[in-house]
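For the sequence shown, our numbering begins at -11 and goes up steadily by one.
Where a beta carbon is used, it is the ideal one built from N, C-alpha and C, also for glycine.
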Amino acid sequence: MRYGLFLFGVFLMGLLSSCGKQSQQSAESQRAVIRIDGSSTVYPLSEAVAEEFRQVAPDIHVLIGVSGTGGGFKKFVRGETDINDASRPIRAIEDSLCRTNGIAYIELPIAYDAMCVLVNPQNDWVDYLTVEELRTIWAPEAQGKILYWDQIRPEWPHEELHLYGPGVESGTYDYFTKAIVGKEHASRGDYTSSEDDNVIIQGVASDRYALAFVGLAYALNNKDRVKIVPIDDSNDQNGAGPILPSPETVRNGTYQPLSRPLFIYVNRQSADRSAVEQFVHFYIEHMPALAPDVGYVPLSEKAYQLVKQRFQQRITGSIFGAHGSQVGVQVEALLEQAGQP
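So this is what it looks like as structure tokens:
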């Protein structure tokens, strides 16, 4: 009899434990989750926003991946994510896949960035580079041919040129090739690539003969480990010769052609979920303060008002015409031209 009661007690405890686990799993399954992926450049911004957002909405779980802008769009067009971080505008093929899969998107510019050209701190010969010199280094025809520093300028040392840069899924790679070579994805392939900008920084920091390009935030956050190179556009469009990238030169438009806007793309259907709507409103409201903290440049106050209006009214499509990277654009003017839905 006692043994039977013992077995019954064990059974009852197991049943209660099972119910408890099911209840916990049910609660977890009902917990609001926002899925974000995409650009490694935009990642620090989204992570900073998510960290602040957790303080006011602890029950909303924000998951952020880093697959590069192109890699993130591959997931976004399949409906696997709610938001895609992007360091370039959406391309025609990505826009077409969204339409095919029934996914409308809201394109939201969030800040400005600049691409920084980096060398090792022990590099004592590079004082600046021109856009034409960068084209000489990175153009597709340079592969296997431009291999030494003195091929760029004769007075520079006859030492191997070691190139580092983002992978081909990166929006930074897309924009850099557009701005420097003149066409997205047109570059030499014999360089050390990574979708992780920290890997690129480490490569330059440990290699005296390295040259690389990364986003402004990563460069400024590691300025004690790498040297940022001033860039001369050669056409005097900025009227000032070699210019260092900084929040000031990005904002006033003198650092050209390597300044660009950054974006988040929001799935239109996801935007109507309360958690996503709260998060995106929070994102826009806090970007003027968080962008400088992370190392990026805020848009103008008027531009943020237009971005907020765009989201509130659920205006879909691209103000850039889904043409991918574009050089020298003015976000505020494009938002104004986009008008109402």
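Open item on the list: Let me confirm a value: aspartate 221 is counted as buried when at least 16 other C-beta atoms fall within 10 Å, else exposed. Which label applies?
Closed with: Working through the sequence shown from its first residue, we reach residue 221 at position 233. Counting Cβ neighbours within 10 Å, aspartate 221 comes out buried, since at least 16 surround it.
Open item on the list: On the criterion of 16 or more Cβ atoms from any shown chain inside 10 Å, does lysine 171 qualify as buried, or is it exposed?
Closed with: Numbered from its first residue, the sequence shown carries residue 171 at position 183. The residue in question, lysine 171, is exposed, as its Cβ has fewer than 16 Cβ neighbours within 10 Å.
- [ ] Sort out for me which residues DSSP pairs aspartate 101 with in a bridge.
- [x] Start at 1 with the first residue of the sequence shown, and residue 101 comes out as number 113. Arg248.
TODO: Quick one: residues in its chain with C-beta nearer than 8 Å to the C-beta of valine 295, no 5 flanking neighbours on either side, listed in chain order?
DONE: On the sequence shown, position 307 is the one that residue 295 refers to. Contacts found: Leu96, Pro97, Ile98, Ile272, Leu287 and Leu323.
- [ ] State the beta-bridge partners of tyrosine 152 as determined by DSSP.
- [x] Taking the first residue of the sequence shown as position 1, residue 152 is located at position 164. Looking at the DSSP assignment, tyrosine 152 forms a beta bridge with Thr180 and Ala200.
Task: Straight-line Cα distance separating tyrosine 206 from isoleucine 81 - done: As a first step, residue 81 must be located in the sequence shown, where it is residue number 93. As a first step, residue 206 must be located in the sequence shown, where it is residue number 218. C-alpha separation (whole angstroms): 29 Å.
TODO: Please classify isoleucine 216: does DSSP put it in a helix, a strand, or coil?
DONE: Taking the first residue of the sequence shown as position 1, residue 216 is located at position 228. DSSP places isoleucine 216 in strand when its eight states are reduced to three.
Open item on the list: Going by DSSP, what residue range makes up the beta strand (DSSP E) through histidine 49?
Closed with: Within the sequence shown, the letter at position 61 stands for residue 49. Where histidine 49 is concerned, the enclosing beta strand (DSSP E) stretches over 48 to 52.
Open item on the list: Can you list, in chain order, the residues of its chain with a C-beta nearer than 8 Å to that of glutamine 110? Leave out the 5 residues immediately preceding and following it.
Closed with: Indexing the sequence shown from 1 puts residue 110 at position 122. Result list for glutamine 110: Arg196, in chain order.
TODO: Kindly indicate which three-state DSSP category alanine 15 falls into: helix, strand or coil?
DONE: On the sequence shown, position 27 is the one that residue 15 refers to. Legend: pLDDT at alanine 15 = 38, less than 50; position of this residue unreliable, value from coordinates given subsequently. If DSSP states are grouped into helix, strand and coil, alanine 15 belongs with the helices.
Open item on the list: Taking the straight line between their C-alpha atoms, what separation do you get for asparagine 108 and leucine 246?
Closed with: In the sequence shown, the residue the question calls residue 108 occupies position 120. In the sequence shown, the residue the question calls residue 246 occupies position 258. Near 20 Å, if we compare the C-alpha coordinates of leucine 246 and asparagine 108.
- [ ] Using a threshold of 8 Å, state whether the C-beta atoms of arginine 213 and alanine 193 are closer than that.
- [x] Working through the sequence shown from its first residue, we reach residue 213 at position 225. Working through the sequence shown from its first residue, we reach residue 193 at position 205. In this structure, alanine 193 lies closer than 8 Å to arginine 213 by Cβ.
Open item on the list: Taking 8 Å as the threshold (C-beta atoms), are isoleucine 94 and tryptophan 126 in contact?
Closed with: Locating residue 126 in the sequence shown gives position 138, counting from the first residue. Locating residue 94 in the sequence shown gives position 106, counting from the first residue. Not closer than 8 Å, so no.
- [ ] Put alanine 130 into one of helix, strand or coil per three-state DSSP.
- [x] Walking along the sequence shown from the start, residue 130 turns up at place 142. Helix.
Open item on the list: Pull the bridge partners of threonine 118 from the DSSP assignment, please.
Closed with: Residue 118 sits at position 130 when you count from the first residue of the sequence shown. Paired residues: Asp220.
TODO: Give a yes or no on whether the C-beta atoms belonging to valine 187 and arginine 239 are separated by under 8 Å.
DONE: Taking the sequence shown and counting its residues from 1, one reaches residue 187 at position 199. Taking the sequence shown and counting its residues from 1, one reaches residue 239 at position 251. Going by C-beta atoms, valine 187 is not nearer than 8 Å to arginine 239.
Open item on the list: Which residue marks the beginning of the alpha helix (DSSP H) containing asparagine 186, and which one marks its end?
Closed with: Locating residue 186 in the sequence shown gives position 198, where the first residue counts as 1. Start and end: 185 to 193.
TODO: Within 10 angstroms of the Cβ of tryptophan 113, are there 16 or more other Cβ atoms? Answer buried if so, exposed if not.
DONE: For the purposes of this step, residue 113 is identified with residue 125 of the sequence shown, where counting begins at 1. Exposed: under 16 other Cβ atoms inside 10 Å.
- [ ] Can you grab the Cα-Cα spacing for the pair glycine 283 / serine 34, in whole Å?
- [x] Along the sequence shown, one-based indexing puts residue 283 at 295. Along the sequence shown, one-based indexing puts residue 34 at 46. Each residue's alpha carbon lies about 13 Å from the other.
Open item on the list: Looking at the secondary structure, which residues open and close the beta strand (DSSP E) in which alanine 74 lies?
Closed with: As a first step, residue 74 is located in the sequence shown; it is residue number 86 there, counting from the start. Taken as a continuous stretch (DSSP letters only), the beta strand (DSSP E) holding alanine 74 covers 71 to 74.
Task: Residue environment, glutamate 183, which counts as buried when at least 16 other CB atoms sit within 10 Å - done: For the purposes of this step, residue 183 is identified with residue 195 of the sequence shown, where counting begins at 1. Its Cβ being crowded by 16 or more others within 10 Å, glutamate 183 is buried.
- [ ] Please work out which residues of its chain come closer than 6 Å, Cβ to Cβ, to proline 154, disregarding the five sequence neighbours upstream and downstream, and give them in chain order.
- [x] Your numbering for residue 154 matches position 166 in the sequence shown. So the qualifying residues of the chain are Thr160 and Tyr161.
Task: N- and C-terminal bounds of the alpha helix (DSSP H) containing alanine 291 - done: Mapped onto the sequence shown, residue 291 falls at position 303. 289 to 300 is the extent of the alpha helix (DSSP H) around alanine 291.
Open item on the list: Taking a contact to mean a Cβ-Cβ separation below 8 Å, would you say aspartate 70 touches valine 319 in this structure?
Closed with: In the sequence shown, counting from the first residue as 1, residue 70 sits at position 82. In the sequence shown, counting from the first residue as 1, residue 319 sits at position 331. Result no, Cβ atoms of aspartate 70 and valine 319 do not sit closer than 8 Å.
Task: Residue environment, serine 306, which counts as buried when at least 16 other CB atoms sit within 10 Å - done: One-based indexing of the sequence shown puts residue 306 at position 318. Answer is buried; the Cβ neighbour count reaches 16.
TODO: Mark aspartate 185 as exposed unless 16 or more other C-beta atoms lie within 10 angstroms of its C-beta, in which case mark it buried.
DONE: The count along the sequence shown starts at 1 and reaches residue 185 at position 197. Flag for aspartate 185 reads buried.
Task: beta strand (DSSP E) segment containing alanine 20, residue limits - done: By one-based count along the sequence shown, residue 20 stands at place 32. Residues 20 to 26.
- [ ] Run the CB neighbour count on lysine 166, radius 10 Å, all protein chains shown included, and call it buried at 16 or more, exposed below.
- [x] In the sequence shown, the residue the question calls residue 166 occupies position 178. When all chains shown are included, lysine 166 counts as buried.
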